[in-house]
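>
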Amino acid sequence: MAEITNFRGEVQQAASDADREVDILIARVGERVRRARDRKGIPRRVLSEKSGVSPRYLAQLEAGEGNISIGLLQRVAHALDHKIEWLVGEDDPWSSEPLRVADLFRSANARTQARVLATLSPEPVAAARAQRICLVGLRGAGKSTLGRRAGEALDIPFVELNREIEEQSGMPVDDLMALYGQEGYRRLEAQAIDRVIATHDTMILAVAGGIVAEPETYNVLLSKFHTIWVKATPAEHMARVREQGDTRPMAGNPEAMDQLKSILTAREALYERALAKLDTSGRTEDESLDEMLALIHTHDFLG
Numbered sequence: 081m082a083e084i085t086n087f088r089g090e091v092q093q094a095a096s097d098a099d100r101e102v103d104i105l106i107a108r109v110g111e112r113v114r115r116a117r118d119r120k121g122i123p124r125r126v127l128s129e130k131s132g133v134s135p136r137y138l139a140q141l142e143a144g145e146g147n148i149s150i151g152l153l154q155r156v157a158h159a160l161d162h163k164i165e166w167l168v169g170e171d172d173p174w175s176s177e178p179l180r181v182a183d184l185f186r187s188a189n190a191r192t193q194a195r196v197l198a199t200l201s202p203e204p205v206a207a208a209r210a211q212r213i214c215l216v217g218l219r220g221a222g223k224s225t226l227g228r229r230a231g232e233a234l235d236i237p238f239v240e241l242n243r244e245i246e247e248q249s250g251m252p253v254d255d256l257m258a259l260y261g262q263e264g265y266r267r268l269e270a271q272a273i274d275r276v277i278a279t280h281d282t283m284i285l286a287v288a289g290g291i292v293a294e295p296e297t298y299n300v301l302l303s304k305f306h307t308i309w310v311k312a313t314p315a316e317h318m319a320r321v322r323e324q325g326d327t328r329p330m331a332g333n334p335e336a337m338d339q340l341k342s343i344l345t346a347r348e349a350l351y352e353r354a355l356a357k358l359d360t361s362g363r364t365e366d367e368s369l370d371e372m373l374a375l376i377h378t379h380d381f382l383g
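Each residue of the sequence shown is one higher than the one before, starting from 81 at the first, in the numbering used here.
#1: Just list the alpha helix (DSSP H) runs in the stretch 205-276, keeping only unbroken ones of 4 residues or longer that don't cross its boundaries, in chain order.
#2: Please go through the same chain and pick out, in chain order, the residues whose beta-carbon is closer than 6 Å to the beta-carbon of Arg117, but skip the five residues on each side of it.
#3: In the DSSP assignment, find the alpha helix (DSSP H) that holds Lys304 and state where it starts and stops.
#4: Can you tell me which of the three DSSP states Trp174 falls into?
#5: Is it buried or exposed for Leu259, if we count other Cβ within 10 angstroms and need 16 for buried?
#6: Pull up the distance between the alpha-carbon of Val276 and that of Leu373, whole angstroms please.
#7: Are the C-beta atoms of Tyr265 and some chain D residue less than 8 Å apart?
#8: In the structure shown, what three-state DSSP assignment does Asp359 receive?
#9: At what residues does the alpha helix (DSSP H) containing Thr378 begin and finish?
#10: Please name the residue, chosen from Ile148, Ile122, Arg100, Gly132, that lies closest to Val109 on a Cα-to-Cα basis.
#11: Roughly how far, in whole angstroms, is the beta-carbon of Ile343 from the beta-carbon of Leu215, given that I think they are within contact range, below 8 Å?
#12: Quick check on DSSP: helix, strand or coil for Ala288?
#13: Kindly list the residues whose CB is nearer than 8 Å to the CB of Arg124, restricted to its own chain and excluding five residues on each side of it in sequence; keep chain order.
#14: To the nearest angstrom, how far is it from the Cα of Asp281 to the Cα of Ser224?
#15: Would you kindly check if the distance between the Cβ of Phe381 and the Cβ of His306 is under 8 Å?
#16: Measuring CA to CA, which of Gly144, Trp166, Asp172, Lys130 is closest to Arg155?
#17: So, do the stretch 357-369 and the stretch 309-321 have three or more beta carbon pairs nearer to each other than 8 Å?
#18: Using a Cβ-Cβ cut-off of 6 Å (strictly less than) and excluding sequence neighbours within five positions of Arg115, which residues of its own chain qualify?
#19: Here's the rule: buried if 16 or more other CB atoms are within 10 angstroms of the residue's CB, otherwise exposed. What is Glu145?
#20: Restricting to Cα atoms, I'd like to know which of Lys120, Arg119, Ile122, Leu152 is closest to Val133.
#21: In the DSSP assignment, find the alpha helix (DSSP H) that holds Leu105 and state where it starts and stops.
#22: Compute the distance between the beta-carbons of Leu369 and Leu226, then report whether it is under 8 Å.
#23: Comparing alpha-carbon positions, which option in Val321, Gly217, Glu365 lies nearest Ala346?
#24: Taking C-alpha atoms, which residue in Ala230, His317, Arg267, Arg229 lies nearest to Ile245?
#25: Spell out the partners DSSP gives Trp309 in its beta bridges.
#26: Are the CB atoms of Gly250 and Val321 nearer to each other than 8 Å?
#27: Terminal residues of the continuous alpha helix (DSSP H) containing Leu152?
#28: What is the rounded straight-line gap between the Cα of Thr297 and the Cα of Lys304?
#29: Which same chain residues end up closer than 7 Å to Ala272 when comparing Cβ atoms and leaving out the 5 residues on each side of it in sequence?
#30: Could you give the residue range of the alpha helix (DSSP H) that holds Asp338?
Structure representation (structure tokens):
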């Protein structure tokens with residue numbers, strides 16, 4: 081704190097803006113905890129038993145005198161059946177429409193979330209996506225093969241994101257991964273997507289299967305491209321990868337199929353956010369291509 085001299089010539093400590101903000105936050109947390117406890121109709125003693133925080137400390141907290149740790153506050157929030165952000169945020173959790181919307185959004189399914197994002201987007205969805213199509217899904221589903229053939233049939237460019245990155249960097253993907261690591265490569269992916277958007281209004285793009293796990297990058301794809309989830313059964317995913325000459329998924333790993341199934345399960349909700357779905361299981365390449373072209377036409381992805 082800075083020192084100031086009062087009218088009597090006495091030196092006092094002046095509270096900084098940061099100190100005042102901390103005091104305001106402590107008071108807000110205390111008031112929220114008290115209100116939440118009152119609304120649930122539970123005595124402080126019961127909250128103490130449920131949270132493991134002493135009644136005396138809770139009394140100090142509710143009076144705005146307790147500088148509680150994050151860990152203890154999380155325990156208090158859990159005991160009150162509230163999210164910790166409800167206790168610290170500026171918006172009143174009991175009267176804030178934005179917080180209510182956020183809770184409803186979190187509980188909605190992937191397709192509903194996508195529609196909400198499209199509705200709230202400041203830029204018209206059709207204009208933002210132009211005539212760009214993006215194929216998502218695990219390796220072996222047919223993204224590259226079908227994307228290339230669909231591009232030829234529609235006479236529009238097809239771009240495979242990994243190849244775009246290799247051309248820009250002058251290095252193979254494996255070398256880039258070894259040099260920059262997973263996180264560094266994800267940054268290269270994001271930069272490549274920005275370049276593609278800047279240079280193409282009409283195109284088909286195929287991206288790596290794991291890109292959907294990068295929220296910021298995936299949201300760009302969802303907002304700037306018409307997305308299609310190209311999928312297959314785990315067995316067909318694995319078989320097609322091996323047909324491509326890559327035996328790494330199975331080499332020395334008897335649990336590879338179980339791992340692939342786990343990955344598909346973990347990412348399914350993310351892939352479901354795509355605007356359309358193409359299941360290539362049990363279909364020939366020509367049949368899958370016809371279905372993809374029909375999807376593009378039905379959804380009017382090319383205007």
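C-beta atoms are modelled at their ideal positions from N, C-alpha and C, and glycine is treated no differently.
As the structure is a computational prediction, the values presented were derived from the model and not from experiment.
So, from the data block:
#1: For the stretch 205-276, the continuous alpha helix (DSSP H) assignments of 4+ residues that do not extend past its boundaries occur at 205-209, 223-234, 241-249, in sequence order.
#2: Leu127
#3: Here the alpha helix (DSSP H) through Lys304 covers 295-304.
#4: coil
#5: In the assembly as shown, Leu259 is an exposed residue. Its beta-carbon has fewer than 16 other beta-carbons within 10 Å.
#6: 22 Å
#7: Here there is only one protein chain, and chain D is not present.
#8: Strand at Asp359.
#9: For Thr378, the enclosing alpha helix (DSSP H) covers residues 365-378.
#10: Of Ile148, Ile122, Arg100, Gly132, the residue nearest in Cα terms is Ile148.
#11: Not a contact, Cβ separation roughly 18 Å.
#12: The three-state reading of DSSP puts Ala288 in coil, since its state is none of H, G, I, E or B.
#13: Arg117, Pro135, Leu138, Ala139, Glu142.
#14: 19 Å
#15: Yes, they are a contact pair.
#16: Lys130
#17: yes
#18: none
#19: exposed
#20: Leu152
#21: 97-120
#22: yes
#23: Gly217
#24: Nearest option by C-alpha distance: Arg267.
#25: Its beta-bridge partners are Val216, Lys357.
#26: no
#27: 150-159
#28: Each residue's Cα considered, the two are about 11 Å apart.
#29: Closer than 7 Å at the Cβ level, and outside the excluded window around Ala272, lie Leu241, Glu244, Ile245, Gln248.
#30: 336-351
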